[in-house]
Amino acid sequence: MQIKHKFIPLAGAVAFALTGLAHAQVQIIKIGHVAPISGNQAHLGKDNENGAKMAIEELNAKGVTIGGKKVKFELLAEDDGADPKQGTAAAQKLVDAKVNGVIGHLNSGTTIPASKIYHDAGIPQISPSATNPTYTKQGYKTAFRVVANDGQLGGTLGRYAVNTLKAQRIAVIDDRSAYGQGVAEEFVKGAKKSGGAQIVAQEFTNPNATDFNAILTKIKSKKPDVVFFGGMDAVAGPMLRQMKQLGLNAKFMGGDGMCTEALNTLSGGAMADGQVICAEAGGVEESQKKVMDDFRANYKKKFGVEVQIYAPYVYDAVMTMADAMVKAGSAEPAKYLPVLAKTNRKGVTGNIVFDEKGDIKDATLTLYTYKAGKRDLLAVVK
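See the structure below:
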């Protein structure tokens, strides 16, 4: 039997070989991202994930070279369901996948336990939204965040309640999560330091609760000027609706977890103009406003929805990590981590410089209220 050999012209063979070589020279860099893509915080988790996707796509479109090699960034996105156990499982999965770095998690309750897993593996982690101070107080050199912490956020809201709203009787509710409890505690500290206000009630719920009538009825009897809630918008919305049903007409304050575009819808349109005052653990000063407006416009064009809260911070976190890799000439965690710690760059959200703990220096906060169901800027403060 005659064997037929396929003939490849020399020029074609060389071209084929060169093409294969070109592909072989492109280094794949894996960036992990973790947020709740399921459950009642899925809209916030998807917002964060979209911010990561924008950054990854822009980096790849631009073409990045690290240590003389062309690279391609790949996003490995995981869902932690805002659950600590699921969060640590997601973290281990990313470690096993040998990611070069991690952006996340969204919640303090998942970020803190996951941070030990990343630390033990030597993988840098930048949280775009976890605010509990414990995260960066653990002494992990791999842990960073690009937003203000609860000490700054809760304390500012506590001072605002007393000094600006002139509150005299304050009720506090938290959802017992690491985030909710932390921000509520800092709010109480801030209010007490300002003097002149009394904490008339401190009540607790959970992140999946929907019925608050017993808590709110008890609080109503204390006649508060302000009700502060430490928790997320999926709980804050129904709580506002039930406050209205009970005729509890106090101001309603909270941190970044409830300070979303979705809050009015989640409340069933129950909030009165100016009733809600909340703070985002970040914010841009006037000089940065156009850059942020452009980002929001590009985000809406790409995904067909408005930014919820932290997509710009996720975008900045990815870009900051990539920038450190470029400057270090390596995507190996041990080599670019020292460069990341010394970051000094201008992002969409402002200047990004980390202190010795990994917290962002000179963090800004944005105070909002709501008018006609839309967030309305009150002030950007430090």
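Numbering-wise (our numbering), the sequence shown opens with residue 1 and increments by one. In this text, a Cβ means the ideal position worked out from N, Cα and C, and glycines have one as well. Treat the numbers as computed from the prediction; the structure is a model and nothing was measured.
Could you compute how far the alpha carbon of residue i sits from the alpha carbon of residue j?
i       : j       : result
Thr-136 : Thr-265 : 34 Å
Ser-38  : Gly-254 : 23 Å
Asp-179 : Lys-70  : For the record, residue 179 in the displayed sequence is Tyr; it is not Asp. Whole-angstrom Cα-Cα distance: 40 Å.
Pro-133 : Ser-287 : 28 Å
Tyr-368 : Ile-277 : 6 Å
Val-26  : Ile-123 : 22 Å
Leu-384 : His-33  : The structure shown does not extend to residue 384, since the chain is modelled only from 1 to 382, so the question has no answer here.
Ala-372 : Gly-237 : 15 Å
Gly-81  : Ala-184 : 22 Å
Ala-197 : Met-243 : 21 Å
Ala-346 : Lys-192 : A small fix is needed here, since residue 346 is Lys in this sequence, not Ala. Taking the straight line joining both Cα atoms gives about 36 Å.
Lys-374 : Glu-261 : 7 Å
Leu-263 : Ala-324 : 36 Å
Val-307 : Lys-300 : 7 Å
Asp-256 : Gln-152 : 12 Å
Tyr-310 : Val-95  : 24 Å
His-23  : Ile-173 : Confidence at His-23 is low in this model, with a pLDDT of 49, below 50, so the placement of that residue should be treated as unreliable; the coordinate-derived value is given next. Cα to Cα, His-23 sits roughly 56 Å from Ile-173.
Gly-386 : Leu-378 : Residue numbering for the chain in the displayed model covers 1 to 382; residue 386 lies beyond these limits and cannot be assessed.
Pro-128 : Val-102 : 11 Å
Ala-143 : Ser-221 : 44 Å
Ala-328 : Asn-100 : 13 Å
Glu-203 : Thr-364 : 29 Å
Leu-21  : Gly-63  : Summary for Leu-21: the model assigns pLDDT 44, below 50, so the residue's position carries little reliability, and this model does not support an answer.
With which residues is residue i paired in a DSSP beta bridge?
i       : result
Met-321 : Per DSSP, none; premise fails for Met-321.
Val-227 : Ala-171 and Phe-252
Lys-30  : Glu-74
Arg-145 : Ser-127
Gly-104 : Val-34
Ala-311 : Partner(s): none; Ala-311 has no beta bridge.
Ile-66  : Lys-69
Val-276 : Phe-252
Glu-285 : Looking at the DSSP assignment, Glu-285 forms no beta bridge with any residue, so it has no partner.
Ala-379 : Leu-367
Ile-215 : According to DSSP, Ile-215 bridges with nothing at all.
For my contact list, residue i and residue j are in at a C-beta cut-off of 8 Å; report their separation, rounded to the angstrom.
i       : j       : result
Arg-169 : Lys-223 : 6 Å
Leu-248 : Ile-215 : That belief does not hold up - the Cβ atoms of Leu-248 and Ile-215 are roughly 11 Å apart, past 8 Å.
Ala-171 : Val-200 : 6 Å
Val-380 : Val-284 : 7 Å
Asp-316 : Ile-352 : 6 Å
Leu-157 : Ala-322 : So it is not a contact: roughly 34 Å between Cβ atoms.
Lys-382 : Asp-362 : 6 Å
Gly-109 : Ser-177 : 5 Å
State yes or no: is the C-beta of residue i within less than 8 Å of the C-beta of residue j?
i       : j       : result
Leu-246 : Met-271 : no
Ala-279 : Cys-259 : yes
Ile-388 : Val-318 : The requested residue 388 does not occur in the structure, where the chain is confined to residues 1 to 382.
Gly-231 : Glu-186 : no
Leu-106 : Gly-182 : no
Lys-30  : Ala-114 : no
Asp-175 : Thr-205 : yes
Arg-145 : Gly-190 : no
Glu-78  : Ile-28  : no
Thr-349 : Tyr-313 : yes
Ala-91  : Tyr-118 : yes
Val-384 : Ile-66  : Residue 384 lies beyond the range of the chain shown here (1 to 382); nothing can be said about it.
Asn-48  : Asp-359 : no
Gly-282 : Thr-366 : yes
Completely contained alpha helix (DSSP H) runs for the segment 325 to 377, where each covers 4 or more residues: 333 to 341
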